[in-house]
Each structure stands twice: as C-alpha cells, then as structure tokens.
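Step one of this worksheet: look at the structure below.
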Amino acid sequence: MSLAARLALVRTQIAEAALAVGRDPAEIRLVAVSKTFPVEDVRAALEAGCRDLGESRAQELVAKAEALADRDPVPRWVFIGPLQSNKARDVARYAHELQSLDRVELADALQRRLDAVDRTLDVLVQVNTSGEEAKSGVAPDEAVALARVVAAHDRLRVRGLMTIATLGGDEAETRRCFRALAETRERLRDAAIDGVDSAELSMGMSADFPLAIAEGATTVRIGTALFGRR
Numbered sequence: 000m001s002l003a004a005r006l007a008l009v010r011t012q013i014a015e016a017a018l019a020v021g022r023d024p025a026e027i028r029l030v031a032v033s034k035t036f037p038v039e040d041v042r043a044a045l046e047a048g049c050r051d052l053g054e055s056r057a058q059e060l061v062a063k064a065e066a067l068a069d070r071d072p073v074p075r076w077v078f079i080g081p082l083q084s085n086k087a088r089d090v091a092r093y094a095h096e097l098q099s100l101d102r103v104e105l106a107d108a109l110q111r112r113l114d115a116v117d118r119t120l121d122v123l124v125q126v127n128t129s130g131e132e133a134k135s136g137v138a139p140d141e142a143v144a145l146a147r148v149v150a151a152h153d154r155l156r157v158r159g160l161m162t163i164a165t166l167g168g169d170e171a172e173t174r175r176c177f178r179a180l181a182e183t184r185e186r187l188r189d190a191a192i193d194g195v196d197s198a199e200l201s202m203g204m205s206a207d208f209p210l211a212i213a214e215g216a217t218t219v220r221i222g223t224a225l226f227g228r229r
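Per numbering that gives the first Met the number 0, the sequence shown starts with residue 0, numbered consecutively.
Following this line, the structure appears as structure tokens:
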C-alpha cells in the first residue's frame, strides 16, 4: 500500500472515530510522525497532503528541515520527543511547535534561543498521565503550575497539553490516561492564565488514536500506520 493510500485510510479512521462520538472530524489534526524515516519518505508524506511532521531528535529535525527548506508551503515541524536543554537551539531555530515541554529549565533555555533568532514557538505541556517513571512529563496536578510559569516567557505560546498512554495498557487503562489529560485541561481552563490557550489535547498514536478521539483528542500523532514499522 502506498503512503498516500495509508494516509487516506488513516483519515477515514479518524473521521469514523470522530463521528461515532458526535464530533466534527475537521476538529482533529494529524501529525505525521516521520522520526527515523528518511527524507524521501517525508517528501512522499508532503506530496500526499501531510503538513505537520513529528520529529523527536534534534539532529534529525535539523537535517530534514534544511533538506526540505525549499518546499512551498514549508512543512510545519512538530518536536514530540524529550528535549535536553542543550538542544534547545535547534528546536528554536527550526521547529514550529514543541509538544514535550516538561520543566521550567527547558522553557528558560528555549526563551533564550528564541530571542536570539527572533522567533516564537507553540508549546504543549507534557503530562505523565500513566505514572510510568521512564516517561517524561509532569504529574497531572503539576501541569497548571508549569503552564503558569511557561506563560511568563513571551517567546513561548502555550497551546494545550500532551500525553502518552500506558505502554501496553488495555482499553480501560488507555482511556483512563486520555481522560486524565482532558480533566487536566479543564483545570487549566479554570485557572484562566493570561496568554495560555488550553484548546489542544495531543494524545493518541497509531495503536490507540480512536480511543483518544473518543476522549477528546484534538491532535493525534501517527507514525507506524502511515510510514510502516521502524
């Protein structure tokens, strides 16, 4: 199956999942997770109609962004992996969005680097709803406090929250993780922090995105279902 055909199938599945719970499929953004795949595959995704591309390694982001800088429109690069503060320069220069903001130190580093290149960056606060120690992200009850601090950085625009469900969890556990993020968003909305837009809920990947949509996802991150197994 071609990438274009896989994309059409994924879009159909997104629409079906949305309509099943009375939602408008147009509300749901697809981020094509192109991490570890070569530039040729990314070009194919762009030709098929993808715009938002997810990367998780700073070096790979730089290489692909430079290789595809002549595209019109320019791809919208979304950084989705854990980010070390010493790699903030690359994300500040090339990314349009960071979905893994999980600490004040990273916000400070990004602010300095964005100042240097006169750019702004959309960010999502990553929330560890599964409680797994190996995962990045703040605890749900810490997300509002972090968003408040991040909002004081004028180069960072808080757009919402991101999570990854429990690895290998069953449907009930997966839904619990997604529901916890939606509940965290309600607390963020209630806090009414100046400069914080809490609309985005980035949750759901190839194996569980229909469940994420049922629980309110506005962004799903799809890699394997589009590009194949790594």
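Think of the CB as a built atom: it goes at the ideal place given N, C-alpha and C, for glycine as much as any other residue.
Give the single residue among the options whose Cα lies nearest to the Cα of residue i.
| i | options | result |
| --- | --- | --- |
| SER84 | ALA57, GLU65 and LYS63 | ALA57 |
| ARG178 | ALA164, ARG188, ASP189 and PRO37 | ALA164 |
| ALA94 | PRO139, ARG50 and GLU26 | ARG50 |
| ASP153 | ALA191, ALA108 and ARG188 | ALA108 |
| LEU100 | VAL116, ASP117, ARG92 and VAL77 | VAL77 |
| ALA91 | LEU67, ASP69, ILE27 and ASP121 | ASP121 |
| ARG118 | PRO37, ASP193, GLU96 and ASN127 | GLU96 |
| ARG102 | LEU166, LEU145, ASP69 and ALA213 | LEU145 |
| ALA213 | PRO37, THR173, GLY80 and LEU160 | THR173 |
| ALA150 | SER197, GLU182, ASP69 and ALA133 | SER197 |
| ALA171 | SER129, VAL148 and ASP193 | SER129 |
| GLN110 | VAL148, ALA16, ASP69 and VAL20 | VAL148 |
Around the Cβ of residue i, are there at least 16 other Cβ atoms within 10 angstroms (buried) or fewer (exposed)?
| i | result |
| --- | --- |
| ARG228 | exposed |
| GLY222 | buried |
| ARG184 | buried |
| VAL73 | exposed |
| ASP65 | According to the sequence shown, residue 65 is Glu rather than Asp. That one is exposed. |
For residue i, which residues of its own chain have a beta-carbon under 7 Å away from its beta-carbon, when the five flanking residues on both sides are left out?
| i | result |
| --- | --- |
| ARG88 | ARG112 |
| GLY48 | LEU6 |
| ARG186 | VAL143 |
| ALA3 | ALA47 |
| ALA224 | ARG5, VAL9 and SER205 |
Taking C-beta to C-beta, are residue i and residue j nearer than 8 Å?
| i | j | result |
| --- | --- | --- |
| LYS86 | GLU59 | no |
| VAL219 | PHE226 | no |
| VAL157 | VAL137 | no |
Just to confirm my understanding: we take residue i, look at its own chain, exclude 5 residues before and 5 after, and list those with CB closer than 8 Å. What are they?
| i | result |
| --- | --- |
| GLU104 | SER84 |
| ASP114 | ARG154 |
| VAL126 | GLY136, VAL137, ALA138, PRO139, ALA142, LEU160, MET161, THR162, ALA179, LEU180 and THR183 |
Got a sec? Which residues, its chain only, sit under 6 Å from residue i by beta carbon, not counting five neighbours each side?
| i | result |
| --- | --- |
| MET202 | THR162, PHE177, LEU180, ALA211 and ALA216 |
Look up residue i in the DSSP assignment and say whether it is helix, strand or coil.
| i | result |
| --- | --- |
| ILE212 | helix |
| GLN110 | helix |
| PHE36 | coil |
| ILE221 | strand |
| VAL124 | strand |
| GLN58 | helix |
| LEU160 | strand |
| ARG28 | strand |
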